[in-house]
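Residue numbers (the numbering used here): 2 to 355.
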């Protein structure tokens with residue numbers, strides 16, 4: 002008989018294989034999703050066996066290379082590359098994964114058409130429980146392309162200019178709470194800060210006003226849904242991370258719907274991403290539903306958060322360990338501000354140098 006404790010123990014065992022570091026977890030999740038997997042099999046389904054990539058054998062049924070890959074993903078892939086070349090396959094948890102290593106090999110996937118690769122089959126199980134039904138990889142590709150265009154419309158130059166003051170305000174408020182000295186986790190801090198700035202700039206003031214510690218935890222629970230477990234196993238299984246993800250999804254959507262209704266009732270709405278989505282229509286003339294808008298807003302926030310927080314953290318680490326580099330950039334700020342003032346207002350100077 003399977004109990005909650007059984008599923009929790011199984012989740013900890015599987016996810017513990019890849020819980021070596023934040024960077025390794027990110028690498029494993031990303032490589033799982035970006036591997037050709039089902040896509041490459043579909044593309045090569047009609048070819049003869051002589052053209053099928055070499056398959057790494059395993060004596061363990063079903064699990065295959067899950068343990069070897071999970072414990073040392075980088076070493077595993079490097080060894081496979083050395084032995085089998087830039088294209089190779091292996092089995093994990095009943096699925097065949099094909100890796101295309103390097104620009105020449107990976108061009109097969111990145112230059113192929115969606116009808117051949119069918120990204121929905123690869124991504125849907127991972128992202129639909131987080132973003133929700135009716136958006137992204139839960140819909141046919143032409144509809145997803147229309148949704149992307151709507152988001153692109155909201156990411157305009159005029160909106161970006163308005164974001165500068167928002168980012169500056171959120172950043173100052175956040176770091177003022179730190180005081181003049183002490184210790185903190187820069188990666189966690191920048192992740193929190195990016196959530197605050199992205200929520201304010203991309204979601205609007207109504208949703209930003211709702212962002213407290215509880216909502217921040219809901220975001221974290223949603224983000225916790227992006228795991229290898231979610232990609233490999235059915236979403237209805239009662240794993241703790243699945244339950245947290247699903248509860249957070251329901252609650253976040255409720256908060257977002259209330260904010261959308263408040264915005265619809267505003268006679269003088271802000272010109273921002275939220276308003277862009279409210280006013281957007283498909284080619285058919287149909288407007289986005291509130292449920293579609295909430296799903297797109299969740300996706301917009303979480304899709305870029307990892308890249309931004311990781312890149313920002315690396316920048317901070319490099320600055321922190323190099324005093325000369327800190328001085329160089331501090332001295333450069335007044336000069337850049339002067340150049341900004343000479344550009345007829347095309348670049349808005351901030352007071353970051355103070």
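Beta carbons: idealized from backbone N, C-alpha and C, even for Gly. On a predicted model such as this, the values are computed, not experimentally measured, just so you know.
Segment limits, alpha helix (DSSP H) that includes residue i
i	result
residue 313	291-322
residue 175	158-177
residue 358	The question about residue 358 has no answer, for the chain in this structure spans 2 to 355.
residue 222	214-224
residue 287	Looking at the DSSP string, residue 287 is not in any alpha helix (DSSP H), and its letter there is neither H nor E.
residue 200	Element bounds for residue 200: n/a, residue is neither H nor E.
residue 208	206-210
residue 373	This structure leaves residue 373 out entirely; the chain is present only between 2 and 355.
Beta strand (DSSP E) segment containing residue i, residue limits
i	result
residue 90	88-93
Cβ pair residue i, residue j closer than 9 Å
i	j	result
residue 130	residue 226	yes
residue 231	residue 209	no
residue 100	residue 81	yes
residue 276	residue 249	no
residue 295	residue 265	no
residue 204	residue 301	yes
residue 188	residue 311	yes
residue 240	residue 233	no
residue 306	residue 195	yes
residue 91	residue 57	yes
residue 254	residue 299	yes
residue 274	residue 118	no
residue 160	residue 272	yes
residue 281	residue 172	no
residue 270	residue 256	no
residue 260	residue 207	yes
residue 63	residue 69	no
Closest residue to residue i among the options (Cα-Cα distance)
i	options	result
residue 93	72, 107, 87 and 113	72
residue 285	114, 84, 222 and 143	143
residue 88	112, 104 and 76	104
residue 85	55, 111, 62 and 68	55
residue 102	120, 83, 137 and 96	83
residue 148	106, 91 and 287	287
residue 127	118, 138 and 154	138
residue 198	169, 178, 96 and 223	169
residue 314	213, 190 and 260	190
residue 283	151, 108 and 177	151
residue 303	163, 156, 222 and 121	222
residue 291	136, 273 and 76	136
residue 121	106, 321 and 141	141
residue 95	228, 66 and 125	66
residue 213	193, 228, 98 and 181	193
residue 293	202, 132 and 267	132
Local conformation of residue i per DSSP, three classes
i	result
residue 381	Because the chain spans 2 through 355 in this model, residue 381 falls outside it and cannot be assessed.
residue 245	helix
residue 155	helix
residue 361	Since the first residue of the chain shown is 2 and the last is 355, residue 361 is not available in this structure.
residue 263	helix
residue 71	helix
residue 36	Confidence in residue 36 is poor, its pLDDT being 46 and thus under 50, which makes the residue's placement too unreliable to answer from.
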